[in-house]
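Enquirer: The structure is given below, and queries will be raised subsequently.
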Amino acid sequence: MLRCLRCKGDVAVHPSGLQCRKCSSVFPITNGVLRFVESQGYAGNFGFEWGKYARTQLDGEISNLSERQFIESTGFSPAELQGKWVLDIGCGMGRFADVASRWGANVVGIDLSLAADVAARNLCSRDNVWICQASVLNLPFLEQSFDYIYSIGVLHHTPDCEQSFKCLPKLLKPGGSIAIWLYSAYVRWYRMSDVYRKLTTKLSPKSLHALCVAIDPLYYIHRGLRWIPGIGSVLSGALSYAVPMNMNPSREWRLLDTFDWYSPVYQSKHTYEEVFRWFEDCGLR
Ligand SMILES: C[S@@+](CC[C@H](N)C(=O)[O-])C[C@H]1O[C@@H](n2cnc3c(N)ncnc32)[C@H](O)[C@@H]1O
Ligand SMILES: [Zn+2]
154 MLRCLRCKGD
164 VAVHPSGLQC
174 RKCSSVFPIT
184 NGVLRFVESQ
194 GYAGNFGFEW
204 GKYARTQLDG
214 EISNLSERQF
224 IESTGFSPAE
234 LQGKWVLDIG
244 CGMGRFADVA
254 SRWGANVVGI
264 DLSLAADVAA
274 RNLCSRDNVW
284 ICQASVLNLP
294 FLEQSFDYIY
304 SIGVLHHTPD
314 CEQSFKCLPK
324 LLKPGGSIAI
334 WLYSAYVRWY
344 RMSDVYRKLT
354 TKLSPKSLHA
364 LCVAIDPLYY
374 IHRGLRWIPG
384 IGSVLSGALS
394 YAVPMNMNPS
404 REWRLLDTFD
414 WYSPVYQSKH
424 TYEEVFRWFE
434 DCGLR
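Quick note: the sequence shown uses the working numbering, first residue 154, plus one each step.
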């Protein structure tokens with residue numbers, strides 16, 4: 154299902170990766186990742202994020218939250234995915250590729266950032282998972298290669314969400330399914346964060362992460378305020394409006410998600426109307 158990114162020619166195995174038969178371009182494999190880009194581009198924050206929180210959201214003995222989130226955001230079921238070819242766009246550290254591959258699918262995960270390396274490490278023991286470092290805007294796959302495509306929390310972090318989405322339907326086999334999950338334009342709690350993001354997106358990932366750690370105690374102030382009878386809930390509401398941050402009871406999840414909100418260079422929000430139109434434009438039902 155692979156083709157040359159530069160000339161669309163056939164590719165063949167080469168000692169250090171894949172090589173195009175036509176233009177001789179080589180796409181290396183390093184750390185178990187097939188590389189189609191030379192850098193993370195604008196997505197370095199995600200390389201940092203998933204390097205730091207490499208397994209936090211991975212399902213395990215104590216949590217199956219990622220599986221529940223996968224079902225909720227795609228509507229896919231284990232019976233459907235079993236034995237099918239599935240493409241995970243923006244796989245991050247691989248938590249949903251983990252779910253789909255546990256369900257018996259053959260999963261190809263792609264990510265622009267070095268999160269790809271983390272996914273490859275997390276899932277290296279599976280023989281039904283392949284990880285590529287590539288951009289959704291320039292994918293190395295033949296048309297009609299996949300039965301299912303999903304992209305959870307990714308396309309709104311690209312320079313143009315609609316354009317990124319429209320790269321995908323042609324990769325589906327006839328009768329295939331695609332599911333995407335995007336930020337909502339209807340939610341309003343984050344208004345103030347749009348102001349802060351003008352600064353936070355310019356900080357280095359390390360500095361921004363230190364800032365997230367520094368403001369984390371607000372979570373406890375927040376919870377304390379709720380105990381004050383009467384005005385407590387007003388005060389805690391005002392605080393979350395003034396400083397939007399993740400309120401997960403787990404400190405690790407909270408820091409991860411607060412960083413995830415304030416670090417991406419691109420962050421767009423979308424309406425149902427808009428997204429339904431994109432699906433219709435692509436001839437999807
Ligand atoms: C918020 S993370 C979500 C990761 C994963 N889907 C999850 O929910 O755990 C967004 C991911 O999109 C990736 N990404 C951003 N722009 C991309 C692009 N143009 N092509 C592929 N991946 C991209 C980032 O590197 C990052 O890992
Ligand atoms: Zn080529």
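No residue lacks a Cβ here, since even glycine has one placed at the ideal position from N, Cα and C.
Computed from a predicted model, the values in this text were never measured in an experiment.
Between the Cα of Arg438 and those of Pro168, Gly243, Pro327, spot the shortest distance and give me the residue it belongs to.
Expert: Along the sequence shown, one-based indexing puts residue 438 at 285. Among Pro168, Gly243, Pro327, the Cα nearest to that of Arg438 belongs to Pro327.
Enquirer: Run through DSSP, which three-state label would Trp414 get?
Expert: Taking the sequence shown and counting its residues from 1, one reaches residue 414 at position 261. Helix.
Enquirer: Taking DSSP's pairing of strands, which residues face His423 in a bridge?
Expert: Reading the sequence shown from its first residue, position 270 is the one you call residue 423. Looking at the DSSP assignment, His423 forms a beta bridge with Ser337.
Enquirer: Report the partner residues of Ala332 according to the DSSP bridge assignment.
Expert: For this step, residue 332 is matched to residue 179 along the sequence shown. DSSP, once it has assigned bridges, lists Tyr303 as partnering Ala332.
Enquirer: Between which two residues does the beta strand (DSSP E) harbouring Thr183 extend?
Expert: Numbered from its first residue, the sequence shown carries residue 183 at position 30. Segment 179–183, the beta strand (DSSP E) holding Thr183.
Enquirer: Does any heavy atom of ligand 1 sit closer than 8 Å to the C-beta of Ile242?
Expert: As a first step, residue 242 must be located in the sequence shown, where it is residue number 89. Yes, since a heavy atom of ligand 1 falls inside the 8 Å radius drawn around the Cβ of Ile242.
Enquirer: Starting from the Cα of Val396, find the closest Cα among Leu265, Ser421, Asp369 and give me that residue.
Expert: Position 243 of the sequence shown, counted from the first residue, corresponds to residue 396. The shortest C-alpha separation from Val396 is found at Asp369.
Enquirer: Over the uninterrupted beta strand (DSSP E) stretch that includes Gly170, give me the two end residues.
Expert: Sequence index remark: in the sequence shown, residue 170 carries index 17 (1-based). 170–173 is the extent of the beta strand (DSSP E) around Gly170.
Enquirer: Where Pro322 and Ser304 are concerned, what is the direct C-alpha to C-alpha distance, given to the nearest angstrom?
Expert: Position 169 of the sequence shown, counting from 1, holds the residue named residue 322. Position 151 of the sequence shown, counting from 1, holds the residue named residue 304. Whole-angstrom Cα-Cα distance: 12 Å.
Enquirer: Can you list every residue whose CB sits closer than 6 Å to some heavy atom of ligand 2, going in chain order?
Expert: Going along the chain, the residues that qualify are Cys157, Arg159, Cys160, Gly162, Cys173, Lys175, Cys176, Ser178.
Enquirer: List the residues that DSSP assigns as beta-bridge partners of Trp238.
Expert: Start at 1 with the first residue of the sequence shown, and residue 238 comes out as number 85. BP columns for Trp238 point to Asn259.
Enquirer: Could you give the distance in angstroms between the alpha-carbon of Asn259 and the alpha-carbon of Gly385?
Expert: The residue labelled residue 259 in the question sits at position 106 within the sequence shown. The residue labelled residue 385 in the question sits at position 232 within the sequence shown. Near 51 Å, if we compare the C-alpha coordinates of Gly385 and Asn259.
Enquirer: Mind checking whether Lys359 and Trp431 have CB atoms under 9 Å apart?
Expert: To locate residue 359, count along the sequence shown from 1; it is residue 206. To locate residue 431, count along the sequence shown from 1; it is residue 278. Not in contact: Lys359 and Trp431 (Cβ atoms no closer than 9 Å).
Enquirer: Does the distance from the CB of Val282 to the CB of Leu290 come in under 9 Å?
Expert: To locate residue 282, count along the sequence shown from 1; it is residue 129. To locate residue 290, count along the sequence shown from 1; it is residue 137. Cβ atoms of Val282 and Leu290: not closer than 9 Å.
Enquirer: Distance, Cα to Cα, Ala232 vs Ser278?
Expert: Counting from one through the sequence shown, the residue named residue 232 turns up at place 79. Counting from one through the sequence shown, the residue named residue 278 turns up at place 125. The straight-line gap from Cα to Cα measures roughly 22 Å.
Enquirer: Which two residues bound the contiguous alpha helix (DSSP H) that contains Gln222?
Expert: As a working note, residue 222 is residue 69 in the sequence shown. Segment 218–227, the alpha helix (DSSP H) holding Gln222.
Enquirer: Pro181: which of Cys157, Gly197, Asn198 sits nearest, CA to CA?
Expert: Taking the sequence shown and counting its residues from 1, the one referred to as residue 181 is at position 28. For the residues Cys157, Gly197, Asn198, the minimum Cα distance to Pro181 belongs to Cys157.
Enquirer: Have a look at Leu371, Leu308, Tyr425, Arg344 and flag the residue whose alpha-carbon is nearest the alpha-carbon of Ala196.
Expert: On the sequence shown, residue 196 is found 43 positions in, with the first residue counted as 1. Ranking Leu371, Leu308, Tyr425, Arg344 by Cα distance to Ala196 puts Leu308 first.
Enquirer: Assuming Ala273 contacts Val186 (C-beta within less than 8 Å), just tell me the rounded distance between them.
Expert: Position 120 of the sequence shown holds residue 273. Position 33 of the sequence shown holds residue 186. Rounded, the Cβ-Cβ distance is 5 Å, consistent with contact.
Enquirer: I need the DSSP call for Trp283, collapsed to helix, strand or coil.
Expert: Here residue 283 corresponds to residue number 130 of the sequence shown, with the count starting at 1. If DSSP states are grouped into helix, strand and coil, Trp283 belongs with the strands.
Enquirer: For Ile374, which residues in the same chain have their Cβ closer than 8 Å to its Cβ, ignoring the five residues on either side in sequence?
Expert: Locating residue 374 in the sequence shown gives position 221, where the first residue counts as 1. Closer than 8 Å at Cβ, skipping near neighbours: Leu392.
Enquirer: Relative to the C-alpha of Ile212, which candidate in Asp241, Glu202, Gly200, Arg248 has its C-alpha closest?
Expert: By one-based count along the sequence shown, residue 212 stands at place 59. Residue identity check: residue 212 is Asp in the sequence provided, not Ile. With distances taken between Cα atoms, Asp212 lies closest to Arg248.
Enquirer: May I ask whether a heavy atom of ligand 1 can be found less than 8 Å away from the beta carbon of Gly213?
Expert: For the purposes of this step, residue 213 is identified with residue 60 of the sequence shown, where counting begins at 1. Every heavy atom of ligand 1 is 8 Å or more from the Cβ of Gly213, so no.
Enquirer: What is the residue span of the beta strand (DSSP E) that Ala165 lies within?
Expert: Within the sequence shown, the letter at position 12 stands for residue 165. Looking at the DSSP string, the run of the beta strand (DSSP E) that includes Ala165 is 164–167.
Enquirer: Could you tell me whether any non-hydrogen atom of ligand 1 is closer than 8 Å to the CB of Gly194?
Expert: For this step, residue 194 is matched to residue 41 along the sequence shown. Yes, since a heavy atom of ligand 1 falls inside the 8 Å radius drawn around the Cβ of Gly194.
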